[in-house]
Amino acid sequence: MTVDFIERFVRLIADYTGLQIRPSEYPHLSKKLETRINACKQPSTQDYYQLLEAATKTGSGRGDRDSFEGRSLLTTGDRQIDLSRQEWKELIELLTTGETYFFRDKGQFWLLENIIFPELIQKRKQAHLNGQSYRPSLRVWSAGSSSGEEAYSIAIVLKELIGDLNDWDLFILGTDLNAEAIAKAQKGVYSPWSFRSMDPRYLSTYFHKRGDRWAIDPSVRQLVTFRQGNLLADPFPNPGSDLYDFDLIICRNVFVYFEPSAIAATVNKFSQTLRSGGYLIVAHAELHGQPLPGLNSKIFPQSVVYQRGVRPASTLPTPQAFKRSASQRSAQFTRPPAPPLTGVRANANPHTPNELSLDRARDPLSDPSPSSLPIAVPQTFSSPSPKAQWVAPQPPADLTLKPEAIDLLFAEAQTLFERKAYGDALKQAERILKLNPRYFEAHCLIARIAANLGHYSRAEAAAQKASDLNPLSVEPYYLLAHIAEEKGDLDRAKYWFDRIIYLDNSCIYAYLELASIYEMQKNFARAKKLRLIALNIVKRLHPDTPVKRRDPLTARDLLLYLENLVGREAQ
Ligand SMILES: C[S@@+](CC[C@H](N)C(=O)[O-])C[C@H]1O[C@@H](n2cnc3c(N)ncnc32)[C@H](O)[C@@H]1O
């Protein structure tokens, strides 16, 4: 296929779906188009182009198709459009990426569970008491829901928060461009991989085992309506298709595939489809540089969220709050709910403090200080209830050697660790190492468990082993540095932080932690110098850049903190 033709298809696809296809992806696109041209027996590329084009000339992708009374009444033009839409369905399945899982982004789910939904529930109750609604009502839209995990996760959270939903008018909608994903969502049956980030107690409470898969309980399934929809082409707000007055629109990991103009058009429609005070949540940095008409950003440590029509109270942490003394170290173990962090696998990027970053994402107030050791026991979402008693499931025997099964075991080990079930977490991690002695993350987890139990020699040995396996990863060095700090061996801790900086000289947190140690040792000049280096690194970042991979704290937040800190030190 000629480049000229590919570019025409790229434009057509962007106009119809918002999806952006970059030149590097043209060869793949060309193959996909040829597959479809052959499958639907089109005589030429031009004919296929015209087939697709027919639907784009009519505006909406789905709304008006539903209003057809019957096929016999269709005109030739209608039939062409219908065929065109059928073909878009097929092509879209080849073009979209439906990666998703339950409780994806634990920080954002923590925010929903602890801040946003409690606020919305209260507001909606009040509106009911003020006579504005017959019953309290709450409307949530998972836009770009893929196979439904996100929408069902929300249903579970609301079920847990509200309890008796019979008194409520609850509307949870999941829409996606990909019809196959919607069909899967409606079935609600998932493989264990979909649960890799979910609190295991939800599995036993809200799912039923069906062979090697899990089906969602009907009480949750009935709370969610799924249907196909095109965020770019469909008109909304539109009461005719239930798209109006949402309290929350969650549209994550969709805009990352969109053209900027398609993002702007969709955000504008979202804004008008929210109730006053309603929230829009996207994945981190997806709205970077975009106009936000009618929306105010609210910054939480876990994520930035966007609220319609309400002036944001400044939620930025005060610079003072970032600084904690060593004497406050133990306080973090009992601090009120921090965003959950584990259950997300450590990444193997040697230049990114991986799971440590996630630990820290829980509470940026404690980030730059050595007082918030990543080896600390993570807080869980909420205090475990009796039904939260979790017994690590035995994996099916035939899965034990498959990498995905081992990953699942590791996710369980992480969850046990979060629950402070150290004995069980340790057993699980050791079991993983029997299956795969080179499982880097399991060694790191053992190091953290041992450190939490005060077995520093064992912790150091495990971290050292991890570092042998992946000498370019900074995670073991973080562990070793924090273990050294726990032991009071600050010089050793400095050695490890220096090592991290050697591996990654833009690692802001290593400079900041090192600075804190120098400060403790009363070497204020060195501490200041290190903070200035960190400040200069942050200044080079775009304000909306997450400071670390997957970390909701942005460069803007950190810049504010560092400028204040360095400024105060200069006074
Ligand atoms: C990576 S998934 C995200 C799923 C879920 N929101 C999450 O964060 O886990 C992206 C989804 O966006 C959908 N999508 C892409 N373009 C869309 C459009 N124009 N309208 C609706 N959905 C779209 C894709 O079909 C895909 O299922």
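Just so we're aligned, residue 1 is where the sequence shown starts under the working numbering, counting upward by one.
For each residue, glycine too, the CB sits at the ideal point set by N, CA and C.
- Shortest Cα-Cα distance from L274 to any of G289, R210 and P237 involves P237.
- For R275, the enclosing beta strand (DSSP E) has its first and last residue at L274 to V282.
- Counting C-beta pairs with one atom in each stretch, the stretch 212–219 and the stretch 246–264 have fewer than three that are closer than 8 Å, which means they do not touch.
- Shown here for A466: same chain residues with a beta carbon closer than 6 Å to its own, the five before and five after excluded, namely F440, H443, C444 and P476 in chain order.
- Inter-segment contact for the stretch 92–102 and the stretch 187–200 is present: three or more beta-carbon pairs are separated by less than 8 Å.
- G148 places its beta carbon less than 8 Å from that of K184.
- Beyond the five residues adjoining it in sequence on each side, P136 comes within less than 8 Å, by CB distance, of I121, R124, K125, A127, H128, D167, W168 and D169 in the same chain, given in chain order.
- Taken in chain order, the whole alpha helix (DSSP H) runs of length 4 or more contained in the stretch 166–249 are 179–187, 200–206 and 218–221.
- Of the residues assessed, H28 falls on the exposed side of the cut-off, its CB having fewer than 16 other CB atoms within 10 angstroms.
- In the displayed model, S142 falls within a strand according to three-state DSSP.
- Per DSSP, Y306 is one residue of the beta strand (DSSP E) stretching across V304 to R308.
- Residues Y477 of the same chain have their beta carbon placed closer than 7 Å to that of R499, with the five preceding and five following residues left out of the count.
- At a Cβ-Cβ threshold of 8 Å, I250 and S146 do not count as neighbours.
- In the displayed model, T45 falls within a helix according to three-state DSSP.
- Relative to ligand 1, L12 has its C-beta separated by 7 Å or more from all heavy atoms.
- Straight-line spacing of the CA atoms in K57 and D4 works out to 21 Å.
- Here R438 has L469 as same chain residues with Cβ atoms under 8 Å from its own Cβ, once five neighbours each way along the sequence are excluded.
- Under DSSP, F258 takes part in a beta bridge, and its partners are L19.
- The C-beta distance from A447 to L408 rounds to 21 Å, too long to fall under 8 Å, and the pair is not in contact.
- For L287, the number of other beta carbons within 10 angstroms of its own is at least 16, and it is reported as buried.
- Set against 7 Å, the gap from the CB of N230 to the closest heavy atom of ligand 1 is smaller.
- With a cutoff of 8 Å on beta-carbon distance, L558 and I508 are scored as near each other.
- Distances from the CB of A264 to the heavy atoms of ligand 1 are all 7 Å or more.
- Our two residues, A233 and L19, have alpha carbons roughly 12 Å apart in a direct line.
- A distance below 7 Å between beta-carbons, with the five flanking residues on each side excluded, links I533 to the following residues of its chain, in chain order: Y511.
- Here the distance from the Cβ of V254 to the nearest heavy atom of ligand 1 is below 7 Å.
- Exposure of N38 is indicated by the presence of fewer than 16 other C-beta atoms within 10 angstroms of its C-beta.
- Checking the DSSP bridge columns, you'll see N296 partnered with Q307.
- With respect to the 8 Å criterion, Q108 and I281 are classified as neighbours on the basis of their beta carbons.
- Looking at P543, C40 and A262, the one whose alpha-carbon comes closest to that of T17 is A262.
- Around the beta-carbon of E412, 16 or more other beta-carbon atoms lie within 10 Å, marking it buried.
- Each residue's CA atom was taken as its position, placing Y257 and D212 some 32 Å apart.
- A check of alpha carbon separations from W496 across G488, L514 and K487 identifies L514 as the nearest.
- By the CB criterion at 8 Å, I156 and I172 fall outside the cutoff.
- Going by beta carbons, Q414 and W110 fall outside the 8 Å limit.
- Bounds of the alpha helix (DSSP H) holding V157 are E149 to I162.
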